[in-house]
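To convert a position in the sequence shown, counted from 1, into the UniProt record's numbering, add 2. Beta carbons are placed, not taken as given, at the ideal position from N, Cα and C, and that holds for glycine. Values in this document were obtained by computation on a predicted structure and should not be read as measured data.
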Amino acid sequence: PIILAIESSCDETSASVITNGKVLNNIIATQAIHQKYGGVVPELASRAHQQNIVAVVSEALSTAGIDKSKLSAIAFTRGPGLIGSLLVGVSFAKGMALALNIPLIEINHMQAHVLAHFIDEPRPSFPFLCLTVSGGHTQIVLVKDFLDMEVIGETQDDAVGEAFDKAAKLMGLPYPGGPLIDKHAQLGDAKRFTFTETVMPNLDFSFSGIKTQFMYFLRDEVRKNADFIEQNLNDICASLQAHLVGMLLKRVEQAAKQTNIKEIAIAGGVSANSGLRKSLLAMAERKQWQVYIPAFEYCTDNAGMIAMAAHYKFLKGDFADLSVTPLARMPI
Ligand code: ATP
Ligand code: MG
Ligand code: FE
């Protein structure tokens, strides 16, 4: 099958073409407009998707060398995400599928983050555990098959990506701050400052406490020294990042033990984090795990992962009806 996939759940407009399970391209238009607001403004995101979608889809088709008449199906992200953003992708996909008289495939964005691991080699084997960490989610997923997944632990409040971004904002860094914290962290001393953890039961997480703790930490230090942040930025970033990564890996270690699974994957925007990647690899060596880390372009939001998920749904004959609507919340 030849499938066109569209992603529009948040602030990236993306399209990808997949033929017989091989992702041919992954066109991404990132919306710069949100930077000056320090976070994604839903109404502006929706409008930017409308402006970008035709060009992004055309580019995906042309760079793949595929005429739209050759498409077997159109896939789109149904949820979870911002409803106004999702609506643009869903409506566009419906219109195009109707015009071409081909089936529609609806994709769960969080399943797709996990299935990004099947775009390139090496591929994990089932069952495996996937730590999905992004701007909106922090989950440990037990992956039994391509389309059979179960969340066995997740955040009860903020996502870890949100903790990165909000901490960055408190330090005056632009949105999204996660990658910037990562950059400064690589130059800093991770043992310089320590933070405490809110411990949740079972395999769950909590990241709202660290946000408040970090805010008071900065406030107290800045009272003593007005230039505290500028003078210690690298060490602050390194210490905070090590703390967040430690919280994540503690749970992964527990989940691996509980399930007796040694195939461990990470996915989502925060899986681009160098500290997380490094610590996971070190832990894997000690624990004899096989670990899977996606290529950078498949960590944050992208249509390549939507295309990969669509391929498996197509093989199952799992198509959506034209009456399908987007879902802001959508369980995996
Ligand atoms: P969701 O997938 O839950 O709907 P989302 O689509 O916003 O949320 P992604 O695009 O997958 O999430 O990830 C974006 C998040 O990843 C942001 O919070 C961003 O700061 C974070 N991020 C990206 N790169 C890094 C990095 N190197 N270190 C830490 N965080 C990072
Ligand atoms: Mg994004
Ligand atoms: Fe995402």
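Put simply, the region 235 to 252 touches the region 177 to 193. At least three CB pairs are less than 8 Å apart.
Closest by C-alpha distance to Phe128, out of Gln292, His313 and Met202, is Gln292. For the ligand FE, the residues with a Cβ under 5 Å from any of its heavy atoms are, in chain order, Ser136 and Asp303. With contacts defined by Cβ atoms closer than 8 Å, Leu133 and Ala311 do not form a contacting pair.
Here Lys72 is near Ile4, since their CB atoms are less than 8 Å apart. Contact between Cys301 and Ala274 holds, since their C-beta atoms are separated by about 4 Å, short of 8 Å. Scanning its chain for C-beta atoms nearer than 8 Å, with the 5 sequence neighbours on each side dropped, one finds around Lys318 the residues Leu149, in chain order. Of the other Cβ atoms in all chains shown, 16 or more fall within 10 Å of the Cβ of Lys168; this residue is therefore buried. Straight through space, the alpha carbons of Asn227 and Gly137 are spaced by roughly 32 Å. Under the three-state reduction of DSSP output, Lys213 falls in the helix class. Looking at the backbone, the Cα of Asn304 and that of Ile29 are separated by about 8 Å. Closest in C-alpha terms to Glu255, from the list Glu232, Glu287, Ala240 and Lys185, comes Glu287. At the C-beta level, His111 and Pro82 come within 8 Å of one another.
The beta carbon of Ser210 sits no closer than 7 Å to any heavy atom of the ligand ATP. Here Ala62 has Leu6, Ala17, Ser18, Val19, Asn27 and Ile29 as same chain residues with Cβ atoms under 7 Å from its own Cβ, once five neighbours each way along the sequence are excluded.
Beta-bridge analysis with DSSP links Thr302 to no other residue. For Arg80, there is no enclosing alpha helix (DSSP H); the residue is part of the beta strand (DSSP E) that begins and ends at Ala75 to Gly81. The DSSP assignment places complete alpha helix (DSSP H) segments of no fewer than 4 residues inside the region 165 to 220 at 180 to 187, in order along the chain.
Annotated as distal: Ala75 and Ile55, with beta-carbon spacing of 8 Å or more. Leu102 has its alpha-carbon roughly 43 Å from the corresponding atom of Asp159.
Note that the C-beta distance between Gly86 and Glu45 is below 8 Å.
Shown here for Glu152: same chain residues with a beta carbon closer than 6 Å to its own, the five before and five after excluded, namely Leu144 in chain order. No Cβ-Cβ contact shorter than 8 Å links Phe209 with Val135.
Rounded to the nearest whole angstrom, the CA to CA distance from Ile183 to Phe166 is 7 Å. At a threshold of 7 Å, Glu108 does not count as near the ligand ATP, since its beta carbon sits no closer than that to any of the ligand's heavy atoms. If you check the CB distance, Pro296 and His139 do not come in under 8 Å. A distance of 8 Å or more separates the beta carbons of Gly180 and Val42.
Membership of Val247 in the alpha helix (DSSP H) is indicated by the continuous run Phe230 to Thr261. In the structure shown, Phe120 falls within a helical segment according to DSSP collapsed to helix, strand and coil. For Asn110, the enclosing beta strand (DSSP E) covers residues Leu106 to Asn110. Contact annotation: Met332 and Arg49 have beta-carbon atoms that are not nearer than 8 Å. The Cβ atoms of Glu9 and Ile308 sit closer than 8 Å to each other.
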